[in-house]
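These protein sequence lines map, in sequence, to chains A and B. Numbering-wise (UniProt numbering), the first sequence opens with residue 1 and increments by one. Numbering-wise (UniProt numbering), the second sequence opens with residue 1 and increments by one.
There are 2 protein chains.
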Amino acid sequence: MNETRPSSKPLYQQVKQHLVYRVLKGEWKPGQCLPSEMRLAEEYHLSQGTVRKAIEEMASEGLVTRQAGKGTFVTSHNGDYQPFRFHRLYRNAGGKVAGNEATYLETRQAEADERIAHGLHIAPGSTGTESLRLRHLDTQPVLLERIFLSDDLCPEAWRILQQHSPGSIYLILEQEYNLLITKVVEQVRARAATAEEARFLSIEPGVAVLEVERVAYSLGGEPVEWRTMVGMTDTIHYRNEMG
Amino acid sequence: MNETRPSSKPLYQQVKQHLVYRVLKGEWKPGQCLPSEMRLAEEYHLSQGTVRKAIEEMASEGLVTRQAGKGTFVTSHNGDYQPFRFHRLYRNAGGKVAGNEATYLETRQAEADERIAHGLHIAPGSTGTESLRLRHLDTQPVLLERIFLSDDLCPEAWRILQQHSPGSIYLILEQEYNLLITKVVEQVRARAATAEEARFLSIEPGVAVLEVERVAYSLGGEPVEWRTMVGMTDTIHYRNEMG
DNA sequence: CAGTGGTCTAGACCACATC
DNA sequence: ATGTGGTCTAGACCACTGA
């Protein structure tokens with residue numbers, strides 16, 4: 001297979017790029033199994049080692065998961081995959097703030113304000129679904145979440161969110177809209193609590209609160225979800241490990 | 001080389017482990033060059049491919065840097081290596097908060113308080129060096145830093161810090177104490193500014209500020225540096241990308 | 001020019017899953 | 001028993017670096 005290709009990039013990079021494209025267009029859905037290395041090697045007329053290197057890179061980026069003896073599977077948020085890999089909020093004592101202690105306050109149709117429009121790269125005033133959730137630690141409210149999904153990518157999302165008990169939004173995005181969240185960008189700020197936030201969090205207005213503003217991106221790099229998480233940091237903190 | 005080793009771990013993992021140990025004990029210092037793949041393969045009586053896989057993992061973890069045609073080098077904070085890879089504070093407009101706009105306020109000997117002692121796993125009251133720095137954006141003060149280095153790992157650090165113009169602490173740690181920082185853990189909180197912070201940052205006491213508490217770990221996993229960074233978030237924010 | 005890492009091949013054996 | 005990914009080998013050619 002040494003046909004003196006003028007194409008600059010290494011073969012395994014080209015294979016990887018093509019496989020990512022095929023995952024993206026849904027040829028193999030999340031949870032499903034890719035063809036084996038041998039089959040792909042035959043298909044692309046390359047050696048097993050070259051295909052392996054392509055798949056290994058995809059695995060290291062979390063796009064697929066490999067299991068010896070079974071096969072290579074497209075990463076899914078359900079299944080055995082870590083559901084809280086994007087959570088950076090921890091109780092000051094120790095463990096993560098789990099998702100099962102949340103209550104929906106409200107889910108409604110809404111329009112994107114300036115800030116949301118900027119984050120999702122959509123026009124201000126675009127319609128979508130807005131959802132408010134309150135997370136508790138023991139019985140104490142600690143975190144107020146505001147989530148926005150654009151109608152462009154997630155039409156009728158409010159219907160689905162109203163039905164579901166508070167679960168993983170990203171699981172719903174994957175199952176209902178075939179949108180796999182692979183990247184999030186968060187901006188953290190400190191500011192004074194608004195009157196509304198103070199009411200929900202049982203604190204005084206003006207107290208210092210942490211605000212995490214998140215934009216979640218799909219596998220294709222499209223901004224999908226915008227959310228803010230607001231809470232006091234007497235019981236929780238934002239934690240980030242690098243290196 | 002298939003001598004039916006009972007040793008459970010793969011060969012390339014064992015090689016990697018041994019190479020990391022050799023880097024750790026200073027056989028090759030930061031910036032220096034490791035032996036070539038061929039030489040190491042001969043030394044360990046293994047094939048080049050196996051040694052390559054060991055080195056590739058070290059490179060992906062940032063321990064070494066590889067350059068085709070030249071060799072494999074132990075990662076150094078000077079040289080061409082990215083100096084701000086642990087910085088997560090950005091101006092709200094755009095770019096990172098650079099390090100060259102800092103002024104030293106004070107560097108002195110000090111004792112570890114409860115919080116520092118907890119972060120660095122040392123006894124409260126242990127002696128060390130404490131340094132205060134103020135970072136500016138244009139002419140406006142935006143960030144107050146408090147840095148603590150234990151005398152155990154960094155004896156006489158105050159002498160060095162007093163001499164240096166405000167530069168990278170991690171470069172000094174590497175050059176003076178042979179401590180290569182490879183991991184940091186940060187906790188972010190919101191709270192009201194103290195009177196001292198308000199004075200330095202030219203704000204009112206009680207205003208909401210962001211506090212980043214960082215512990216930096218050396219290649220061996222030892223906690224080396226403790227620091228807090230405090231600032232308002234009208235001009236800067238903490239930004240984190242995941243995925 | 002010789003030496004380096006980067007790519008690619010073709011084969012081997014292994015531990016593990018599934019049937 | 002068959003097929004999967006995981007490890008390991010031995011050799012090839014390439015682009016790049018530096019003397």
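In this text, a Cβ means the ideal position worked out from N, Cα and C, and glycines have one as well. The model shown is predicted, which means the values in this text are computed figures rather than measured ones.
If the criterion is Cβ atoms closer than 7 Å, does the pair residue i and residue j meet it?
i	j	result
E130 of chain A	A102 of chain A	no
residue 326 of chain A	K183 of chain A	Given a span of 1 to 243 for chain A in the structure shown, any question on residue 326 of chain A remains unanswerable.
I116 of chain A	R227 of chain A	no
F137 of chain B	F200 of chain B	Before going on, a small fix: residue 137 of chain B reads as Leu here, not Phe. Cβ distance not < 7 Å, so L137 of chain B and F200 of chain B don't count as in contact.
V142 of chain A	T235 of chain A	yes
E15 of chain B	A54 of chain B	The sequence given here has Val at residue 15 of chain B, not Glu. Cβ atoms of V15 of chain B and A54 of chain B: closer than 7 Å.
A59 of chain B	Q48 of chain B	no
G243 of chain B	L24 of chain B	no
L180 of chain B	E174 of chain B	yes
T50 of chain A	Y21 of chain A	no
E197 of chain B	V224 of chain B	no
S76 of chain A	G119 of chain A	no
I122 of chain B	S150 of chain B	yes
Q162 of chain B	T107 of chain B	yes
F73 of chain B	C33 of chain B	yes
A195 of chain A	P205 of chain A	yes
N240 of chain B	R88 of chain B	yes
V188 of chain A	V188 of chain B	yes
Mapping DSSP to helix, strand and coil, what is residue i?
i	result
V230 of chain A	strand
E56 of chain A	helix
A192 of chain B	strand
V51 of chain B	helix
L132 of chain B	strand
H18 of chain A	helix
G119 of chain B	helix
R146 of chain A	strand
E204 of chain B	coil
Q140 of chain B	strand
A41 of chain A	helix
A112 of chain B	coil
A216 of chain B	strand
E197 of chain A	helix
R159 of chain B	helix
Q13 of chain B	helix
L171 of chain B	helix
L153 of chain B	coil
P6 of chain B	In this prediction, P6 of chain B scores a pLDDT of 45, lower than 50, which makes its location untrustworthy; no coordinate-derived value is stated.
E176 of chain A	helix
L210 of chain A	strand
E225 of chain B	strand
L24 of chain A	helix
T107 of chain A	strand
K70 of chain B	coil
Y81 of chain A	Unreliable positioning characterises Y81 of chain A in this predicted model, as indicated by a pLDDT of 43, which lies under 50. The coordinate reading is nonetheless provided below. Y81 of chain A falls in the coil class under three-state DSSP.
A93 of chain A	coil
K29 of chain A	coil
T75 of chain A	coil
R88 of chain A	coil
M1 of chain B	Low local confidence applies: a pLDDT of 42 at M1 of chain B is under 50, so the model's placement there is unreliable, with the coordinate-based value given in what follows. Looking at M1 of chain B - three-state DSSP - the assignment turns out to be coil, as it is neither helix nor strand.
E186 of chain A	strand
T235 of chain B	coil
Could you tell me which chain B residues have their CB closer than 7 Å to the CB of residue i, listed as they occur along the chain?
i	result
G243 of chain A	T182, K183, V184
R189 of chain A	L210, T233, H237
A192 of chain A	A208
Listing by chain order, which chain B residues have their CB less than 9 Å from the CB of residue i?
i	result
F86 of chain A	M242, G243
Does the beta carbon of residue i fall short of 6 Å from some heavy atom of the ligand MN?
i	result
H164 of chain B	Annotation note on the ligand MN: not contained in the displayed structure, which lists no ligands.
Name, going along the chain, the residues of the segment 224–243 of chain A whose beta-carbon falls closer than 8 Å to a beta-carbon of chain B. Near chain B, meaning a CB-to-CB distance below 8 Å, the residues of the segment 224–243 of chain A are M232, T233, H237, Y238, R239, N240, E241, M242, G243.
Evaluate contact between the segment 153–168 of chain B and the segment 126–140 of chain B, counting only Cβ atoms and requiring at least three cross-stretch pairs below 8 Å. A contact is defined here as three or more CB-CB pairs under 8 Å, and the segment 153–168 of chain B meets this definition with respect to the segment 126–140 of chain B.
Name, going along the chain, the residues of the UniProt domain "HTH gntR-type" (9–77) of chain B whose beta-carbon falls closer than 9 Å to a beta-carbon of chain A. From the UniProt domain "HTH gntR-type" (9–77) of chain B, only S60, E61, G62 have a Cβ closer than 9 Å to chain A.
The segment 205–213 of chain A touching the segment 61–75 of chain A, judged by at least three CB pairs closer than 8 Å: No, because fewer than three Cβ pairs between the segment 205–213 of chain A and the segment 61–75 of chain A fall closer than 8 Å, the two stretches do not touch.
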